[in-house]
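So the sequence lines, in the order shown, correspond to chains A and B.
Mind the numbering: the first sequence is residues 1 to 156 in the working numbering, read in order.
Mind the numbering: the second sequence is residues 1001 to 1156 in the working numbering, read in order.
C-beta atoms are modelled at their ideal positions from N, C-alpha and C, and glycine is treated no differently.
Source: prediction; values computed, not measured.
Remarks on the structure that follows.
There are 2 protein chains.
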Amino acid sequence: MSDVEFAVVGRSESAARTVVTARQFRLVVDEPADLGGSDAGANPVEHVLAGLAGCLNVVAHVVAREMGFAIRSLEMALSGVLDPARFRGEPTSARAGFREIRAVLRVVADADPATLSRWLETVRGRCPVSDNLANPTPVRIELEERNPGESARSWG
Amino acid sequence: MSDVEFAVVGRSESAARTVVTARQFRLVVDEPADLGGSDAGANPVEHVLAGLAGCLNVVAHVVAREMGFAIRSLEMALSGVLDPARFRGEPTSARAGFREIRAVLRVVADADPATLSRWLETVRGRCPVSDNLANPTPVRIELEERNPGESARSWG
């Protein structure tokens, strides 16, 4: 199978709120009031945690099927802690993002604990979102070239 | 300012669909039909790109304000390419996730190109989501300890 591309377009609606279009879906990203937003949607890092949860669910089922057992239910609690000092521009040695991300899986499955341990290790290694967080992923941010004075057209 | 924790809870609704609760927000993560889902929501990696877009918007405005210029409009096109071989369990040397992520910013601002270049570098370094993707972020995935035979209660 060949490479697959995923793409979204985001439009700033305020200093904290972004409306993102992903195919036919519209996602609102905002910040709560204490982080300067109008709280119209989950915030950026909550969207990342949501993506990780969704990815773990998909891979969990693919791998369980391969290993020959059924998942009867799966719930996931994901969390991370960050120090907002760098984000705010304060002098700090702390990184900008989460120091680590923790995902606790509550699974009910027709499998013994040893099988579930092997399953969990395989899931971790095959989840694209987990890989992009755990291992360096170059993030290339560029300004679009445009002619001076050109006004904004609309993408997407 | 001290550490801030962010947390979500995800519940598997099918092998591809996860409903995520982030505070008062409900996010549906699914896969399109060709990736095994029912296409009820943006997929996991699209949610990650949405989080990155939202983060860049917030930091873009914070830094512009510090630098003394106004952003009149900001649109962002984000994309990434991945090889699904590892996800599918096929023999491969490819990583599971995006090889890189590209974000193209279309900004209309009251600032000259040199100022915008400095602005962009500062935004990159202070965006939590960009940091979590570009630099290694430990992802700790654990199974909840539970008593044998205990049935699933509901979190969150």
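7 Å Cβ cut-off: residues of chain A touching residue i
i, result
"B/F1025", "G41 and A42"
"B/P1091", "The contacting residues do not exist; B/P1091 stays about 12 Å from chain A at best."
"B/A1033", "Simply none; closest approach about 12 Å."
"B/S1038", "Residues of chain A passing the Cβ test: none, with the nearest at roughly 12 Å."
Proximity test, residue i beta-carbon vs the ligand SAM heavy atom, cut-off 7 Å
i, result
"A/F25", "Inclusion of the ligand SAM in the displayed structure is not the case, the ligand content being empty and no account of it being possible."
Closer than 9 Å at the beta carbon, the chain A residues around residue i
i, result
"B/G1125", "R86 and A96"
Selected residue, minimal CA-CA separation from residue i, among the options
i, options, result
"B/L1105", "B/L1052, B/E1144 and B/D1131", "B/L1052"
"A/P44", "A/M67, A/V59, A/F87 and A/A109", "A/F87"
"B/V1123", "A/F6, A/T137, A/F69 and A/A96", "A/A96"
"B/A1022", "A/V62, A/V8, A/L78 and A/T115", "A/L78"
"B/S1002", "A/E90, A/P138 and A/E144", "A/E90"
"B/V1048", "A/R65, A/V29, A/G36 and A/R72", "A/V29"
"B/W1119", "B/I1141, B/V1062, B/V1008 and B/G1010", "B/V1062"
"A/A109", "A/G37, A/A50 and A/R65", "A/R65"
"A/A7", "B/G1041, B/G1037 and B/A1050", "B/A1050"
"B/S1130", "A/S130, A/P136 and A/T18", "A/P136"
"A/L74", "B/Q1024, B/S1014, B/S1117 and B/P1138", "B/S1014"
"B/R1072", "B/V1107, B/S1117 and B/E1005", "B/V1107"
"B/V1004", "A/G125, A/P84 and A/Q24", "A/P84"
"A/G125", "B/G1125, B/P1138 and B/S1117", "B/P1138"
"B/L1116", "A/L82, A/T18, A/V9 and A/E144", "A/E144"
Same chain, Cβ closer than 7 Å to residue i, neighbours up to 5 away in sequence not counted
i, result
"B/A1033", "D1039"
"A/C127", "C55, L56 and V59"
"B/A1103", "L1052, L1056, M1076 and L1078"
Own chain, CB closer than 6 Å to residue i, minus 5 neighbours either side, in chain order
i, result
"B/G1080", "F1098 and I1101"
"A/E31", "A16, G37 and N43"
"B/G1041", "V1028, V1029 and D1030"
"B/G1010", "T1018 and V1020"
"B/L1035", "none"
Environment of residue i [buried if 16+ CB atoms lie within 10 Å]
i, result
"B/G1068", "exposed"
"B/A1114", "exposed"
"B/S1093", "exposed"
"A/S12", "buried"
"B/A1070", "exposed"
"B/E1142", "exposed"
"B/D1112", "exposed"
"B/R1026", "exposed"
"A/R140", "exposed"
"A/E46", "buried"
Contacts of residue i in chain B (Cβ-Cβ under 7 Å)
i, result
"A/R11", "E1075"
Within chain B, partners of residue i - CB distance below 8 Å
i, result
"A/F69", "Within chain B, no residue comes near A/F69; the closest Cβ sits about 13 Å away, beyond 8 Å."
"A/R140", "E1100, I1101, R1102 and A1103"
Own chain residues within Cβ distance below 8 Å of residue i, not counting five before or after
i, result
"A/R133", "Before going on, a small fix: residue 133 of chain A reads as Leu here, not Arg. Answer for A/L133: V48, L52 and I101, listed in chain order."
"B/Q1024", "none"
* Return the residues of the region 96-115 of chain A that lie within a Cβ-Cβ distance of less than 7 Å from chain B, sorted by chain order. => A96, G97, F98, E100, I101, R102, A103, V104, L105, R106, V107 and V108
* **Interface positions of the region 1045-1059 of chain B facing chain A (Cβ-Cβ less than 9 Å), listed along the chain** => V1045, E1046, H1047, V1048, L1049, A1050, G1051, L1052, A1053, G1054, C1055, L1056, N1057, V1058 and V1059
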